[in-house]
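Under our numbering, read the sequence shown as residues 669 to 1000, first letter to last. To keep things clear, I will list the structure first and then write my remarks on it.
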Amino acid sequence: MSDPTARALRLLSLLQTHRFWSGPELATRMEVSERTLRRDVDRLRELGYRVAARPGGAGGYQLESGGAVPPLLLDDDEAVAIAVGLRTAAIQGVGAGEQTSLSALAKLEQVLPRHLRRRVSALQEHTIPAVRPGARVAADLLAQLALTCRDHERLRFRYTDRAGTETARHVEPHALVPYGRRWYLVAWDVNRADWRTFRIDRMSALLPTGVRVAPRDLPAEDAAEFVRAAHGALARRHTAVVHLRAPLEQVRAYFGVWAQTATQGPDGTVDWEIAGGSVPEVVAALLWIPPEYEWTITCSPEVAGALAAFGQRLGQALPAQSSPVARSRTNE
């Protein structure tokens, strides 16, 4: 092996597999003289690798840890194992290191040969975790989005919103954020001239444009805070105020943290505002009010209509000729 660069890479690969190599043994494996071996070791040191040398007949070389992480050489099996581990950590949101895992995954997948990417995908596809199933998204998609965020590259894709409407989007990706059981892309929407969050599992037909732009200032402390604020607004799209004829302390004791917004009304009632991301969520919240409470509700016509329709459906679900006791005996 006459090429110095090739020899240096070969030497680094050998040093990474052993804690200690004797000089003669390492020279034999490299098929070079011990003098050439010393020059190759010096070349690695110049590149930032800390190679310790022990003189004497029992001397040799050992790769030590340093103050920074130098480039690593991985064989195929090692690269696949690391990629699978990073995918699992990124997709499942392990600990507080989702972004770190995702950044490392993006770098690794960018340089993996195609045959190794196929092996990684096959292993990931047939390895089913038993936690956080709702958070699973395609790791290839996460890695691709991470690269566009890193490079500030404009991106086009199709997006399906919560109502099932599909639109074409043109954005400047900013950051990826895991929230709850989902992953979200925070990006500047070019056509709408505003910041938006996109659920990654609702994105399709991604098309990086190759156009790189200067990063914009996010109107929040960080991307995670922006996603939390956006979800808070969505969670309160529909509201209603329940007027309970009961002492405020009793209401707060019964409903706990859910009644933190309850206040004492002017006529002795307790005014309790409830909210939901949809009308059914508001309706469902009312079902938790115990029957012994007397109450009225102030709400929008949309919520009122849903309550009336729900009450009618409940009445139709129970045949007039049947009573709960009769049905119970029949089922027995």
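Every residue gets a Cβ at the ideal spot worked out from N, C-alpha and C, and that includes glycine. Keep in mind the model is a prediction, meaning the values are calculated, not measured.
Closest by CA to residue i, which one among the options?
{"i": "residue 888", "options": "752, 937, 981 and 865", "result": "865"}
{"i": "residue 939", "options": "719, 673, 909 and 730", "result": "909"}
{"i": "residue 823", "options": "949, 842, 728 and 869", "result": "842"}
{"i": "residue 696", "options": "678, 710 and 684", "result": "678"}
{"i": "residue 867", "options": "851, 708, 755 and 855", "result": "851"}
{"i": "residue 976", "options": "830, 958, 861 and 947", "result": "947"}
{"i": "residue 920", "options": "895, 941 and 712", "result": "941"}
{"i": "residue 969", "options": "950, 936, 930 and 836", "result": "950"}
{"i": "residue 927", "options": "979, 935, 934 and 943", "result": "943"}
{"i": "residue 830", "options": "856, 871 and 818", "result": "871"}
{"i": "residue 837", "options": "892, 848 and 873", "result": "873"}
{"i": "residue 647", "options": "694, 683, 710 and 745", "result": "Summary: the structure shown does not reach residue 647, with the chain confined to residues 669 through 1000, and so no result is reported for it."}
{"i": "residue 893", "options": "846, 934, 787 and 935", "result": "846"}
{"i": "residue 916", "options": "925, 937 and 897", "result": "937"}
{"i": "residue 811", "options": "785, 777, 860 and 859", "result": "777"}
Look at the alpha carbon of residue i and the alpha carbon of residue j, and state the distance between them as a whole number of angstroms.
{"i": "residue 839", "j": "residue 882", "result": "13 Å"}
{"i": "residue 961", "j": "residue 853", "result": "44 Å"}
{"i": "residue 751", "j": "residue 869", "result": "21 Å"}
{"i": "residue 1004", "j": "residue 899", "result": "This structure does not reach residue 1004, given that the chain is present from 669 up to 1000, and the question cannot be answered."}
{"i": "residue 747", "j": "residue 703", "result": "33 Å"}
{"i": "residue 981", "j": "residue 885", "result": "50 Å"}
{"i": "residue 877", "j": "residue 714", "result": "39 Å"}
{"i": "residue 680", "j": "residue 712", "result": "8 Å"}
{"i": "residue 880", "j": "residue 783", "result": "30 Å"}
{"i": "residue 668", "j": "residue 923", "result": "Any question about residue 668 goes unanswered here, given that the chain covers just 669 to 1000."}
{"i": "residue 707", "j": "residue 808", "result": "42 Å"}
{"i": "residue 833", "j": "residue 895", "result": "21 Å"}
{"i": "residue 974", "j": "residue 987", "result": "22 Å"}
{"i": "residue 971", "j": "residue 953", "result": "12 Å"}
{"i": "residue 931", "j": "residue 913", "result": "12 Å"}
{"i": "residue 849", "j": "residue 863", "result": "22 Å"}
{"i": "residue 956", "j": "residue 985", "result": "20 Å"}
{"i": "residue 798", "j": "residue 789", "result": "For residue 798, the predicted model reports a pLDDT of 43, less than 50, meaning its position is unreliable; a value from the coordinates is still stated below. Taking the straight line joining both Cα atoms gives about 18 Å."}
{"i": "residue 672", "j": "residue 860", "result": "55 Å"}
{"i": "residue 978", "j": "residue 929", "result": "26 Å"}
{"i": "residue 856", "j": "residue 821", "result": "11 Å"}
Going by beta-carbon coordinates alone, are residue i and residue j separated by less than 9 Å?
{"i": "residue 688", "j": "residue 725", "result": "no"}
{"i": "residue 754", "j": "residue 773", "result": "yes"}
{"i": "residue 813", "j": "residue 844", "result": "yes"}
{"i": "residue 911", "j": "residue 966", "result": "yes"}
{"i": "residue 722", "j": "residue 700", "result": "no"}
{"i": "residue 720", "j": "residue 731", "result": "yes"}
{"i": "residue 716", "j": "residue 705", "result": "no"}
{"i": "residue 827", "j": "residue 816", "result": "no"}
{"i": "residue 787", "j": "residue 744", "result": "yes"}
Bridge partners for residue i per DSSP, in chain order?
{"i": "residue 871", "result": "827"}
{"i": "residue 846", "result": "851"}
{"i": "residue 964", "result": "911"}
{"i": "residue 692", "result": "Answer is none; residue 692 lacks a bridge partner."}
How would you write the range of the beta strand (DSSP E) that residue i sits in, first residue to last?
{"i": "residue 730", "result": "728-732"}
{"i": "residue 938", "result": "938-944"}
Alpha helix (DSSP H) containing residue i: first to last residue?
{"i": "residue 704", "result": "702-714"}
{"i": "residue 908", "result": "First-last for residue 908: 906-912, but that is the beta strand (DSSP E), not the alpha helix (DSSP H)."}
{"i": "residue 861", "result": "Looking at the DSSP string, residue 861 is not in any alpha helix (DSSP H), and its letter there is neither H nor E."}
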